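Residue numbers (this note's numbering): 1312 to 1575.
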């Protein structure tokens, strides 16, 4: 049973997933077992929620749309394992969900908040054992991009610093209503067991390094580090290289400890 409301709100970037085969593939990729705690961001009309309930998972679903949240509460009112809340996912404290139990995350994310949601997940990576997320295909190509590719950028490095990223499959526009103008992709993100970097230093260094992609890493780093040439030398990185060629391990070397010489 789907929501009675026939339209999506453009202001919220809504595109409702309707393709049953895609819905099944997403839930299969997450692979919840009975009693597992699953957080769902933006359940919309409840397509994924319904399949998670069939798997006997305990679901905490957060919906920003007041009307949809109300309808979902009514629809799942008889289920003791489904918790629907009207809330903005960008303001959630994921560590407080599920009373300290291991969480899995699933979401069909609106295109207009994808990057913001990712940045929130960087802060909460340890709250989850696994995330299966659908983004615009361009976003997945960026977060999964390897060094030396044209898609490699700030978001690639930050995401891979916190998560092991695996692109799972593409989703055509026809899987949604209304039909978007772009393809989507589903990715699996698993928190890294090792994160040998200072998060503030990493974000500042990576952001500056990709600010002007045609410049060398040295020229870009000078904007945030007073002794950028020495830092590169100590890290064994040629100052003439460009940011997209730097490996994840090299970024870790650059940001392994707080830098008191970061320019404010």
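Cβ atoms here follow ideal geometry from the backbone N, Cα and C, with glycine treated the same way. Everything numeric in this text was worked out from a predicted model, so none of it was measured.
With a 10 Å radius around the Cβ and a threshold of 16 neighbouring Cβ atoms, residue 1423 comes out exposed. Under the DSSP assignment, residue 1447 falls in the beta strand (DSSP E) whose first and last residues are 1439-1447.
In the three-state reduction of the DSSP assignment, residue 1484 falls in the helix class, which pools H, G and I.
Under the three-state reduction of DSSP, residue 1378 is assigned to helix. Of the residues 1351, 1410, 1386 and 1347, the one whose Cα lies closest to the Cα of residue 1369 is 1347. Distances from the CA of residue 1411 to each of 1350, 1430 and 1548 were compared; the closest alpha carbon is that of 1350. With fewer than 16 other CB atoms across the displayed protein chains lying within 10 angstroms of its CB, residue 1483 is exposed. In the three-state scheme derived from DSSP, where H, G and I count as helix and E and B as strand, residue 1462 is classed as coil. In this structure, DSSP gives residue 1340 a helical state, which the three-state scheme calls helix. Judged by their CB atoms, residue 1444 and residue 1401 are not nearer to each other than the 9 Å cut-off. Assigned with DSSP and collapsed to three states, residue 1563 falls in helix. Across the structure, residue 1341 and residue 1496 are spaced so that their CA atoms are roughly 15 Å apart.
Of 1537, 1547, 1384 and 1449, the smallest CA-CA separation from residue 1461 is found for 1449. In this structure, the straight-line span from the alpha carbon of residue 1352 to that of residue 1398 is close to 9 Å. In this structure, residue 1328 keeps its C-beta atom at 9 Å or more from the C-beta atom of residue 1360.
Distance from the CA of residue 1454 to the CA of residue 1554, rounded to the nearest whole angstrom, comes to 15 Å.
Leaving aside the five residues that flank residue 1566 on each side, the residues in its chain whose CB is nearer than 6 Å to its CB run, in chain order, 1508, 1509, 1512, 1513 and 1516.
Relative to residue 1395, the option among 1486, 1375 and 1338 whose CA is nearest is 1375. Between the stretch 1525-1534 and the stretch 1421-1439, the count of C-beta pairs closer than 8 Å stays below three; the two stretches do not touch. By the Cβ-count criterion, residue 1485 is exposed, with fewer than 16 other Cβ atoms from all chains shown falling within 10 Å of its own Cβ.
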